[in-house]
Amino acid sequence: MTTESTAMSSPNESTPPVLGVPALVVSGFLGAGKTTLVKHLITDAQERGLKLAVVSNEFGELGIDKALLQEAGGPGYVELEGGCVCCQLTNELLETLQNLWETIHPDRIVVETSGVALPFETLMTFWREPITEWVGESLAVVVANAEQVAEGRDLEGTFEQQVSSADIVVLNKVDLVPEDSLGKLEDILQDMAPDAPMIQSIQGQIDTTVVFPPTSNQTISPKRTSKPELIPHTHEAFESQELSIPQNITPEQLVQQLQPLQALRIKGIVNTSQGLKLVQGVGPRIDLSAPPPNLPQEMIGRLVAIRRK
Ligand SMILES: [Zn+2]
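Going by our numbering, the letters in the sequence shown line up with residues -17 to 291, in that order.
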């Protein structure tokens, strides 16, 4: 094998944010409302002045939604066709993401899979070189259609595989089922994905801080405080809370302190007895890993937790 060394950086290449570029894989069965959710994520990013790149793999579906997304998504919107992004097109996805990074430097990444794709398999692309160099936390968000779950349609096979590998489950279209049945529907999904936080939505109008939690240095930015509240349809309200964590806490103590909070998301940097750790929590799962280099001092010792109000 001959390998030619390729220049990975150019003088004007922008550096990724300290914690990397957050990435979501949006999956869900046919008719779950993935495209509507992605449109909401595009609008939200525009309101926050953030660049969102969307890669869509709506395999074999009608083109009308694509046209709408194209209009809303602008130059950071790429369609991948000719196969499934979780198995056949993994190299194409890798190249597309790297190309998006080099050309538009997105602040956030969303990959919308087709209704038959498996989110975990898609997520694995984010752990590959060279994109793992600049991608931060990557999560699988699985959208489930409340009406489909209520009717017990197609709950085995692909649907169950998708839900069981979700980091976050969005129970969408909750306006189409009786309100008193929602607890039962959540139980069905929770059996498939016991550790995944679950949020309810109508037309994909989720509170985006649950999927893209702010970091401590972002919550104090003035841009955010002027953000208009445009979440008219959510049944649930979330709050973000900043926690100060004392130095030299052991990783075990830290996890013990965080788990009872029952936060949907936790993110930040803590100076533990075993050194600096990047702390990322999704529901009861709290992960500690090596922090990125060149951390601003003010990020250390602070965690942001997103919780139900
Ligand atoms: Zn596939």
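Quick reminder that beta carbons are idealized off the backbone N, C-alpha and C, glycines included.
These figures come from a predicted structure and were not determined experimentally.
Below 8 Å CB to CB, which residues in the same chain sit around residue i once its five sequence neighbours on both sides are set aside?
i           : result
residue 261 : 236, 240, 248, 249, 250, 251, 252, 268, 269, 270, 285
residue 277 : 0, 251, 258
Return helix, strand or coil for residue i, following the three-state DSSP convention.
i           : result
residue 128 : helix
residue 11  : coil
residue 287 : strand
residue 108 : helix
residue 188 : coil
residue 259 : strand
residue 220 : strand
residue 201 : Below a pLDDT of 50, predicted positions are generally treated as unreliable, and residue 201, at 49, falls in that range; the measurement from the model is reported next regardless. Residue 201: helix per DSSP, three-state reduction.
residue 1   : coil
residue 277 : coil
residue 35  : strand
residue 26  : helix
residue 71  : coil
residue 157 : helix
residue 254 : strand
residue 89  : coil
residue 144 : helix
residue 168 : helix
Can you find the residues in the same chain that come closer than 7 Å, C-beta to C-beta, to residue i, ignoring five residues on each side of it along the sequence?
i           : result
residue 102 : 122, 147
residue 265 : 177, 178, 179, 246
residue 88  : 3, 33, 34, 35, 58, 82
residue 86  : 33, 35, 57, 58
residue 232 : 254, 255
residue 145 : 124, 126, 151, 171, 174, 175
residue 221 : 289, 291
For ligand 1, any of its heavy atoms closer than 7 Å to the Cβ of residue i?
i           : result
residue 100 : yes
Please state if the CB of residue j and the CB of residue i are separated by a distance shorter than 8 Å.
i           : j           : result
residue 197 : residue 26  : no
residue 97  : residue 11  : yes
residue 156 : residue 288 : no
residue 153 : residue 167 : yes
residue 183 : residue 132 : no
residue 16  : residue 7   : no
residue 283 : residue 226 : yes
residue 40  : residue 94  : yes
Once you ignore the five residues that flank residue i on each side, which residues in its own chain have a CB closer than 6 Å to its CB?
i           : result
residue 229 : 253
residue 68  : 99, 100, 103, 104
residue 108 : 5, 117, 120
residue 71  : 62, 65
residue 273 : 251, 258, 260
residue 219 : 291
residue 13  : 127
residue 141 : 11
residue 223 : 287
Meets three-Cβ-pair contact criterion under 8 Å: the segment 17 to 25 and the segment 75 to 85 = no
Quick one: any contact between the segment 32 to 41 and the segment 110 to 124, if contact means 3 or more CB pairs under 8 Å?
-> no
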